[in-house]
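> Listed in order, the protein sequences are those of chains Y and F.
Here the first sequence is numbered in our numbering, starting from 213 and rising by one per residue.
Here the second sequence is numbered in our numbering, starting from 411 and rising by one per residue.
Backbone N, C-alpha and C fix where the C-beta goes; we use that ideal spot for every residue, glycine too.
The structure displayed is predicted, hence computed values, not measured ones.
Following this message is one structure expressed as structure tokens.
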Amino acid sequence: MTHTTLPFADLERVYETLAETLDALPEAQERLFLAQLALALAHRVGDIERVMAAVEEARRGVEEAGSG
Amino acid sequence: MRPAGRAETDSLYFDYPNFPFVRPPELDGRAVRHQVVIVGAGPVGVTAALELARHGIASVVLDDKATVNDGSRAICISRHSLEILQQLGVDAPFVAKGLGWTRGRTYFRDREIFRFEMPHSEQERFLPMINLQQQYIERFLIDKATESELVELRWQSAVTRVSQNDSGVTLEVSTPEGDYRLKCNYLLAADGARSVVRKAFGLALHGEAYEGRYVIADIRLRSDFPTERRAFFHSHALPDSTLLVHKQPDDIWRIDYQLGPEEDPHAAVEEASIRERVSLIVCEVLDEGDDWELEWWSLYKAYTLALDDYRHGRVLFIGDSAHLVPIFGVRGLNNGLADAANAGWKLAWVLKGLAPDRLLDSYSPERRGATLDVFANAGKSTRFMTPPSRGYRLMRDAALTLALDNDYASGFANPRQVTPYTYAESPLTLPDDAAFEAGPIPGAPLPNRRLGDDDYLRGHLGSGFTLLHFSRNGDVDSALAERLAALQARGQPIELLRVAREPGAEGALVDSDGGLFAAYGAESGSAYLVRPDRHVAARWKRLAPDGLELAFATALGEE
Chain Y
213 MTHTTLPFAD
223 LERVYETLAE
233 TLDALPEAQE
243 RLFLAQLALA
253 LAHRVGDIER
263 VMAAVEEARR
273 GVEEAGSG
Chain F
411 MRPAGRAETD
421 SLYFDYPNFP
431 FVRPPELDGR
441 AVRHQVVIVG
451 AGPVGVTAAL
461 ELARHGIASV
471 VLDDKATVND
481 GSRAICISRH
491 SLEILQQLGV
501 DAPFVAKGLG
511 WTRGRTYFRD
521 REIFRFEMPH
531 SEQERFLPMI
541 NLQQQYIERF
551 LIDKATESEL
561 VELRWQSAVT
571 RVSQNDSGVT
581 LEVSTPEGDY
591 RLKCNYLLAA
601 DGARSVVRKA
611 FGLALHGEAY
621 EGRYVIADIR
631 LRSDFPTERR
641 AFFHSHALPD
651 STLLVHKQPD
661 DIWRIDYQLG
671 PEEDPHAAVE
681 EASIRERVSL
691 IVCEVLDEGD
701 DWELEWWSLY
711 KAYTLALDDY
721 RHGRVLFIGD
731 SAHLVPIFGV
741 RGLNNGLADA
751 ANAGWKLAWV
761 LKGLAPDRLL
771 DSYSPERRGA
781 TLDVFANAGK
791 STRFMTPPSR
801 GYRLMRDAAL
811 TLALDNDYAS
821 GFANPRQVTP
831 YTYAESPLTL
841 PDDAAFEAGP
851 IPGAPLPNRR
861 LGDDDYLRGH
871 LGSGFTLLHF
881 SRNGDVDSAL
891 AERLAALQAR
901 GQPIELLRVA
911 REPGAEGALV
921 DSDGGLFAAY
931 GAESGSAYLV
941 RPDRHVAARW
951 KRLAPDGLEL
961 AFATALGEE
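Laid out in structure tokens, this is it:
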């Protein structure tokens, strides 16, 4: 089964839109917004394995980058 | 700025020249009408003077200084700029002295997350980028201009007033031996970000200023690290600052570091602060010994600002007087040189009576178009390098963190270096011939092609227009040859450059393996009309004799 991924130019648009959406939110709502977004995107992916891989990808990044 | 006790021109590696004031005829009451005056003897102004001289037009260049720039400033020269310099016959000292490079690295939390290679191939004469301090850039150009009988450099000559009417431009010039009035047909304003000419006409730059300030500091440091662009995000030594590091000739290293939002820029540029921060970067980030000398530093803030129109009557604005762009992506100098080449040939054609004044109207859409393109890219780079807000900072850090292990996110760290702009939308450019499947589109710069040892396609082009014609055996249709001869008979500088698949035709380039035909998507009978600045004006899969005149008239602004 082949999976499509987002072309980089579109990923850049997502980046810009998210940056501006985050700026428009109160800082205290940032976490709630991002967690909702993760669930909404997971719903659209339609493949549990890929969603879990993405969760692991993000977790590993945080672990490697450390808290500082 | 320089360390305490050292004068502005007291450099560790560069001997500043002193250009004497030479009394001009105007000071002795002799009024001379000049064709072109250029304000500013920086890289852009002198390049414009050399481009005019290449087409036989004399110019007077005014500068209020008696020497070259106080610091290294613009240090990256792109391949496209080197090609412009090659046309002016001044590329050799740049290549000999400059440090060429093709790659860069991005580090996040002291780990390398991304490497980029700039496009390069054996077809190119020049590397994609060379690093060279602006003092050398200026000196090499000034040396060349001094050799030319068509360029008169007037140092220690400050412009105080400018006005224009239908017949010309008048400048008031202040010098050590008194003031005088200077008259010319056209004026090129190459007098930089704080342009006196721009202010004299009450013209304003419009656009944005970005958050975030950078210190740019030059140090002398002996290191074997290769010439590359290095960018550091969140290093353990300076977690809140983005750093950029470039190597320059003479063991000079450029270190750019971001100041925090709360930092007082005035305190940050005090010598003690500079020394403390640079020492930390050299030892903790670059992993070098603390054995370095401080050369020069300056404060920098990113802007995307441009004039609404680069033409103001008989005045054309070139370089920083017309536009200010962020340093990330090295577009300031490189776009300025392209401005100079563009304005230069057009002004020469108008002054020689080979094109209507209207040709100059195309300068602004072509070069301002390039600026707006830069803004789109530089805005993204700048928001990445110095996130302007909480949202951008979080997204930037998220992208970099993902990029530690995932290639899909590393593209965000791409510095989007300068690429030449394509004048596809220009009024001088004909629509493309849909039959082409390869090769440069109309408006694009003509790509180079290696023909042999030290022999490249661009080296064979004429100094004016060139009709690059492809055929099997070097034959040109007799009706087309007649049209070409008729243009030449009218005094239009247009040369025929033939590319043939088979040897035998005298003066034709032989493309025995078909590589040149393929790169240009050409078949027998195809042709490209190339402008004096080596951009494609039009191309035809099969050029009919009638096609040439329309394209030529369009390229001169006549249509």
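(1) I want to see whether chain Y comes within less than 9 Å of S799(F), judged by CB atoms only; does it?
(2) Would you call the CB atoms of A641(F) and A896(F) closer than 9 Å?
(3) Does the Cβ-Cβ distance between L460(F) and K593(F) come in under 9 Å?
(4) Which bits of chain F does T216(Y) rub up against, with CB to CB less than 8 Å?
(5) Find the residues of chain F that neighbour F220(Y), judging by a C-beta separation of less than 7 Å, and give them in chain order.
(6) Counting only Cβ pairs nearer than 8 Å, list the residues of chain F close to R256(Y).
(7) Have a look at A963(F), L878(F) and V886(F) and flag the residue whose alpha-carbon is nearest the alpha-carbon of Q902(F).
(8) Got a sec? Which residues, its chain only, sit under 7 Å from E705(F) by beta carbon, not counting five neighbours each side?
(9) How is the beta strand (DSSP E) around W755(F) delimited, first residue to last?
(10) Using the beta-carbon of each residue, which ones in chain F are nearer than 7 Å to D235(Y)?
(11) Note down, in chain order, every chain F residue with its Cβ under 9 Å from the Cβ of L230(Y).
(12) Measure the alpha-carbon distance for Q497(F) versus S873(F) and round it to whole angstroms.
(13) Nearest CA to the CA of S584(F): which residue from P434(F), K790(F) and G789(F)?
(14) Does the distance from the C-beta atom of F846(F) to that of L939(F) stay below 9 Å?
(15) Out of A677(F), R489(F), Q543(F) and V470(F), point me to the one whose CA is closest to S558(F)'s CA.
(16) Between the segment 600-611 of chain F and the segment 483-493 of chain F, are three or more C-beta pairs nearer than 8 Å?
(17) Is it a yes or a no for the segment 674-682 of chain F touching the segment 575-589 of chain F, going by three-plus beta-carbon pairs under 8 Å?
(18) Is the Cβ-Cβ distance between T637(F) and L462(F) less than 9 Å?
(19) Between which two residues does the beta strand (DSSP E) carrying A765(F) extend?
(20) Give me the residue from D235(Y), V263(Y), Q248(Y) and G258(Y) with the minimum Cα distance to Y802(F).
(21) I'd like the list of long-range same chain contacts for L542(F), defined as Cβ closer than 8 Å, with 5 residues on each side in sequence excluded.
(22) Between the segment 261-277 of chain Y and chain F, which residues of the former have a C-beta closer than 9 Å to a C-beta of the latter?
(23) Whose CA, out of Y590(F), R911(F) and T457(F), lies closest to the CA of R549(F)?
(24) Examine chain F for any beta-carbon lying closer than 9 Å to the beta-carbon of E223(Y), and answer yes or no.
(25) Classify G746(F) as buried or exposed, calling it buried when 16 or more other Cβ atoms lie within 10 Å of its own Cβ.
(26) Check whether the Cβ of T811(F) lies closer than 9 Å to any Cβ atom in chain Y.
(27) Evaluate the contact criterion for the segment 529-539 of chain F versus the segment 412-432 of chain F: three or more CB pairs, one atom per stretch, below 8 Å.
(28) Specify the secondary structure class of Y938(F) as computed by DSSP and reduced to three states.
(29) Anything in chain Y within Cβ reach of L890(F), meaning under 7 Å, just list it in chain order.
(30) So R591(F) is in the beta strand (DSSP E); what residue range does that whole segment cover?
(31) With a threshold of 9 Å between beta carbons, is N816(F) in contact with chain Y?
(32) In whole angstroms, give me the CA-to-CA distance for V274(Y) and F643(F).
(33) Sort A753(F), T796(F), V695(F) and R911(F) by Cα distance to E522(F) and report the nearest one.
Let me spell this out:
(1) On the second sequence, position 389 is the one that residue 799(F) refers to. Chain Y contact via Cβ: present.
(2) Taking the first residue of the second sequence as 1, we reach residue 641(F) at position 231. Taking the first residue of the second sequence as 1, we reach residue 896(F) at position 486. Not a contact, by the Cβ cut-off of 9 Å.
(3) Here residue 460(F) corresponds to residue number 50 of the second sequence, with the count starting at 1. Here residue 593(F) corresponds to residue number 183 of the second sequence, with the count starting at 1. Cβ atoms of L460(F) and K593(F): not closer than 9 Å.
(4) As a working mapping, residue 216(Y) is identified with position 4 in the first sequence. In chain order: nothing, as chain F lies at least about 13 Å away.
(5) Within the first sequence, numbered from 1, the residue matching residue 220(Y) stands at position 8. Ordered by position in chain F, the residues that pass the 7 Å Cβ test against F220(Y) are G821.
(6) The count along the first sequence starts at 1 and reaches residue 256(Y) at position 44. Within chain F, no residue comes near R256(Y); the closest Cβ sits about 18 Å away, beyond 8 Å.
(7) Locating residue 902(F) in the second sequence gives position 492, counting from the first residue. Of the listed residues, the one whose Cα sits closest to Q902(F) is A963(F).
(8) In the second sequence, the residue the question calls residue 705(F) occupies position 295. Excluding positions up to five away in sequence, the list reads S421, L422, D628, I629, R630 and I662.
(9) Looking up residue 755(F) in the second sequence gives position 345. Careful: W755(F) lies outside any beta strand (DSSP E), inside the alpha helix (DSSP H) at G742 to L761.
(10) As a working note, residue 235(Y) is residue 23 in the first sequence. Those within 7 Å of D235(Y) in chain F are S799, R800 and G801.
(11) The residue you call residue 230(Y) lines up with position 18 of the first sequence. Those within 9 Å of L230(Y) in chain F are G801, L804, M805 and A808.
(12) The residue given as residue 497(F) occupies position 87 in the second sequence. The residue given as residue 873(F) occupies position 463 in the second sequence. Going from the Cα of Q497(F) to the Cα of S873(F) covers about 8 Å.
(13) Residue numbering aside, residue 584(F) sits at position 174 when the second sequence is read from its first letter. The residue with the shortest Cα to Cα distance from S584(F) is P434(F).
(14) Here the question's residue 846(F) lines up with position 436 in the second sequence. Here the question's residue 939(F) lines up with position 529 in the second sequence. Cβ distance not < 9 Å, so F846(F) and L939(F) don't count as in contact.
(15) By 1-based counting over the second sequence, the position of residue 558(F) is 148. It is V470(F).
(16) Contact between the segment 600-611 of chain F and the segment 483-493 of chain F is absent: fewer than three C-beta pairs spanning the two stretches fall below 8 Å.
(17) As far as the Cβ criterion goes, the segment 674-682 of chain F does not touch the segment 575-589 of chain F, which means the pair count is below three.
(18) On the second sequence, residue 637(F) is found 227 positions in, with the first residue counted as 1. On the second sequence, residue 462(F) is found 52 positions in, with the first residue counted as 1. No, Cβ-Cβ distance for T637(F) and L462(F) is not below 9 Å.
(19) Stepping through the second sequence from its first residue, residue 765(F) is reached at position 355. Counting along the chain, A765(F) falls outside any beta strand (DSSP E), and DSSP gives it neither H nor E.
(20) Looking up residue 802(F) in the second sequence gives position 392. The residue with the shortest Cα to Cα distance from Y802(F) is D235(Y).
(21) Position 132 of the second sequence, counted from the first residue, corresponds to residue 542(F). For L542(F), where only same-chain residues beyond five positions count, the Cβ hits under 8 Å are I485, I487, F504, K507, G508, L509, Q658 and P659.
(22) E269, A270, R272, G273, V274, E276 and A277
(23) As a first step, residue 549(F) must be located in the second sequence, where it is residue number 139. Comparing Cα positions, the closest option is T457(F).
(24) Start at 1 with the first residue of the first sequence, and residue 223(Y) comes out as number 11. Per the sequence shown, the amino acid found at residue 223(Y) is Leu instead of Glu. For L223(Y), the closest Cβ of chain F is nearer than 9 Å.
(25) Counting from one through the second sequence, the residue named residue 746(F) turns up at place 336. Counting the other CB atoms within 10 Å of its CB gives G746(F) a total of 16 or more, which places it among the buried residues.
(26) As a working note, residue 811(F) is residue 401 in the second sequence. It does; some Cβ of chain Y falls within 9 Å.
(27) no
(28) Residue numbering aside, residue 938(F) sits at position 528 when the second sequence is read from its first letter. In the three-state reduction of the DSSP assignment, Y938(F) falls in the strand class, which pools E and B.
(29) Reading the second sequence from its first residue, position 480 is the one you call residue 890(F). Those do not exist, as L890(F) stays about 42 Å from chain Y at its closest Cβ, beyond 7 Å.
(30) Along the second sequence, read from residue 1 onward, the residue named residue 591(F) stands at position 181. Here the beta strand (DSSP E) through R591(F) covers G588 to A599.
(31) What you label residue 816(F) is simply residue 406 of the second sequence in a count that begins at 1. Yes, its Cβ sits closer than 9 Å to a Cβ of chain Y.
(32) By 1-based counting over the first sequence, the position of residue 274(Y) is 62. By 1-based counting over the second sequence, the position of residue 643(F) is 233. The straight-line gap from Cα to Cα measures roughly 16 Å.
(33) Translated into the one-based positions of the second sequence, residue 522(F) becomes position 112. Checked all of A753(F), T796(F), V695(F) and R911(F); the closest Cα to E522(F) is V695(F).
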